[in-house]
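In the working numbering, the protein residues as written are 30 to 323. Built from N, CA and C at the ideal position, the CB exists for glycine as well.
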Amino acid sequence: MICKNFVPSTWLIAFLSIFLPIKTYSQVHQISVSRNLKINSEYLNREVAYDIILPPQFNAKNDYNKVLFMNDGQDLEVLNMEQILQNLYQNNEIDPFVLVAIHTNENRIKEYGTAAMADYKNRGNLAGKYNNFIVKELLPQIRMAYNTSMRKQDNFFCGFSLGGLSAMDIVWNNPDTFAKVGVFSGSFWWRKKAYEEGYDDDKDRIMHDIVRNDSYHNGQKFWFECGTNDEKDDRNKNGIIDSIEDTLDLITELENLGYRKNVDIVYYEIKEGEHNQKTWSEAMPVFLKWLIGK
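And the structure:
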């Protein structure tokens with residue numbers, strides 16, 4: 030016979046707490062961080078470090094574990110990524126995913142860029158090799174280690190400044206591998222010519238030209254952030270700083286291919302936002318809720 034009004038005594042609760050594993054709310058929602066993991070890259074001819082942040086109660090046996098690759102992953106601490114993710118998971122605002130934060134080094138200006146061509150100063154001349162490193166070396170290792178999904182719709186990329194340009198280029202070059210990209214203050218000024226050498230907005234911005242001469246990639250989506258204080262440069266003196274104008278012009282190129290604003294493309298502008306990790310950290314929850322929100 031079960032007594033409906035039974036209340037366990039204090040000693041019974043204490044006894045059970047000793048012998049039964051009881052997880053607290055914070056433990057259940059705790060992320061797991063692994064730092065400075067290494068992979069040897071034949072394409073880059075160097076060892077590449079990366080950090081991993083796993084969601085609470087991660088299970089590698091699950092099918093379709095989602096994954097976000099991030100350029101400039103050495104900046105996780107200054108971006109406050111651990112606390113951001115912890116808060117989003119505790120508030121049940123995002124679905125679980127694996128974060129792969131890829132460190133860069135002194136070759137950043139060579140490895141980040143556009144794979145199709147270097148800029149007018151030959152910066153980004155290793156971007157093609159970096160693209161191959163991501164797709165042919167790092168991605169397979171992550172899939173093997175964490176059982177991340179092979180489905181395009183579960184694979185994402187993001188980056189900041191020049192790393193944002195790189196993220197956009199990698200996603201655009203691999204439409205069967207990546208579905209979504211986030212670009213924070215992207216370096217879309219990346220150009221074929223110096224301003225004093227006959228530079229033309231309509232011809233010489235490399236990422237714009239790549240998109241313009243391509244076609245619609247089914248299933249891809251784009252998120253762009255700019256701050257109104259990203260910079261002060263305004264090369265054509267139209268009252269719009271270059272970082273914002275370059276981003277908006279790239280969005281126009283995407284729209285010309287058939288992508289829809291506020292459906293396939295999101296533009297997020299931060300008033301007085303700057304070209305630094307503090308601003309990008311403020312924008313990060315907005316990006317993650319767009320990327321993988323509930």
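Next on the checklist: Tell me the residue span of the alpha helix (DSSP H) that contains L117.
Outcome noted: Residue numbering aside, residue 117 sits at position 88 when the sequence shown is read from its first letter. Taken as a continuous stretch (DSSP letters only), the alpha helix (DSSP H) holding L117 covers 110-119.
Next on the checklist: Quick test of your reading: P123 and K318, contact by CB under 8 Å. State the CB separation rounded to the nearest angstrom.
Outcome noted: One-based indexing of the sequence shown puts residue 123 at position 94. One-based indexing of the sequence shown puts residue 318 at position 289. According to the sequence displayed, residue 123 carries Ile and not Pro. Between K318 and I123 the Cβ distance is about 6 Å, and since that is below 8 Å, they are a contact.
Checklist entry - For the 8 Å Cβ check, are there 3 or more pairs between the segment 291-300 and the segment 91-98? => result Counting C-beta pairs with one atom in each stretch, the segment 291-300 and the segment 91-98 have fewer than three that are closer than 8 Å, which means they do not touch.
Checklist entry - When the Cβ atoms of the segment 179-188 are set against those of the segment 197-209, are three or more pairs found closer than 8 Å? => result The segment 179-188 is in contact with the segment 197-209.
Next on the checklist: Is it buried or exposed, A312, if we count other Cβ atoms within 10 angstroms and call 16 or more buried?
Outcome noted: Mapped onto the sequence shown, residue 312 falls at position 283. Residue environment analysis places A312 among the buried positions, since at least 16 neighbouring C-beta atoms fall within 10 angstroms of its C-beta.
Checklist entry - Would you call V240 buried or exposed, if buried means 16 or more other Cβ atoms sit within 10 Å of its Cβ? => result For the purposes of this step, residue 240 is taken as residue 211 along the sequence shown, with counting starting at 1. Buried: at least 16 other Cβ atoms inside 10 Å.
Next on the checklist: Using the three-state DSSP reduction, which class does L66 fall into: helix, strand or coil?
Outcome noted: In the sequence shown, counting from the first residue as 1, residue 66 sits at position 37. Per DSSP, reduced to three states, the secondary structure at L66 is strand.
Checklist entry - When the Cα atoms are used, what is the spatial distance from R64 to I131? => result Counting from one through the sequence shown, the residue named residue 64 turns up at place 35. Counting from one through the sequence shown, the residue named residue 131 turns up at place 102. Going by the C-alpha atoms only, they are around 10 Å apart.
Next on the checklist: Taking a contact to mean a Cβ-Cβ separation below 9 Å, would you say V129 touches I199 in this structure?
Outcome noted: The residue you call residue 129 lines up with position 100 of the sequence shown. The residue you call residue 199 lines up with position 170 of the sequence shown. Cβ distance not < 9 Å, so V129 and I199 don't count as in contact.
Next on the checklist: For M99, list the residues DSSP reports as bridge partners.
Outcome noted: Translated into the one-based positions of the sequence shown, residue 99 becomes position 70. Its beta-bridge partners are A130, C187.
Next on the checklist: With a threshold of 8 Å, are at least 3 pairs of Cβ atoms found where one atom belongs to the segment 218-235 and the other to the segment 262-275?
Outcome noted: A contact exists between the segment 218-235 and the segment 262-275.
Checklist entry - Who pairs with D275 in a beta bridge, going by DSSP? => result Locating residue 275 in the sequence shown gives position 246, where the first residue counts as 1. Residue pairing from DSSP leaves D275 without any beta-bridge partner.
Item to check | Contact belief for M236 with T133 at Cβ below 8 Å, rounded distance in angstroms | outcome: The residue labelled residue 236 in the question sits at position 207 within the sequence shown. The residue labelled residue 133 in the question sits at position 104 within the sequence shown. Rounded, the Cβ-Cβ distance is 19 Å, inconsistent with contact.
Checklist entry - Skipping 5 residues on each side, what residues in its chain have a beta carbon closer than 7 Å to that of N161? => result For the purposes of this step, residue 161 is taken as residue 132 along the sequence shown, with counting starting at 1. Result list for N161: Y72, in chain order.
Checklist entry - Using a Cβ-Cβ cut-off of 8 Å (strictly less than) and excluding sequence neighbours within five positions of E76, which residues of its own chain qualify? => result Residue mapping note: residue 76 aligns to position 47 of the sequence shown, counting from 1. In the same chain as E76, and ignoring 5 residues on each side of it, the C-beta atoms closer than 8 Å to its own belong to K67, I68, N69, S70, in chain order.
Checklist entry - By how many angstroms is the C-alpha of K232 removed from the C-alpha of E10? => result It is not possible to answer for residue 10, since the shown part of the chain is limited to 30 through 323.
Next on the checklist: Taking its Cβ as the centre, do 16 or more other Cβ atoms sit within 10 Å of K266, making it buried, or is it exposed?
Outcome noted: Sequence index remark: in the sequence shown, residue 266 carries index 237 (1-based). Result: exposed.
Next on the checklist: Using only the alpha-carbon positions, how far apart do A147 and G322 sit?
Outcome noted: Here the question's residue 147 lines up with position 118 in the sequence shown. Here the question's residue 322 lines up with position 293 in the sequence shown. Approximately 36 Å between the Cα atoms of the pair.
Item to check | Distance between beta carbons of P314 and I60, contact taken as under 8 Å | outcome: In the sequence shown, counting from the first residue as 1, residue 60 sits at position 31. In the sequence shown, counting from the first residue as 1, residue 314 sits at position 285. Actually they do not touch by this definition, with Cβ atoms about 15 Å apart.
Item to check | C-beta contact flag for N258 and E301 at 9 Å | outcome: Position 229 of the sequence shown, counted from the start, is the residue given in the question as residue 258. Position 272 of the sequence shown, counted from the start, is the residue given in the question as residue 301. Closer than 9 Å, so yes.
Checklist entry - How about S310 and N74: are their beta carbons less than 9 Å apart? => result Residue numbering aside, residue 310 sits at position 281 when the sequence shown is read from its first letter. Residue numbering aside, residue 74 sits at position 45 when the sequence shown is read from its first letter. When the beta-carbon positions are compared, S310 and N74 stay at least 9 Å from each other.
Checklist entry - Does the beta-carbon of N203 have 16 or more other beta-carbons within 10 angstroms, so that it is buried, or is it exposed? => result Residue numbering aside, residue 203 sits at position 174 when the sequence shown is read from its first letter. Its Cβ being crowded by 16 or more others within 10 Å, N203 is buried.
Checklist entry - Near Y118, which residues of its chain fall below 8 Å by C-beta distance, leaving aside the five closest residues on each side in sequence? => result Along the sequence shown, read from residue 1 onward, the residue named residue 118 stands at position 89. Taken in chain order, the residues that qualify are H58, I60, P84, P85, P125.
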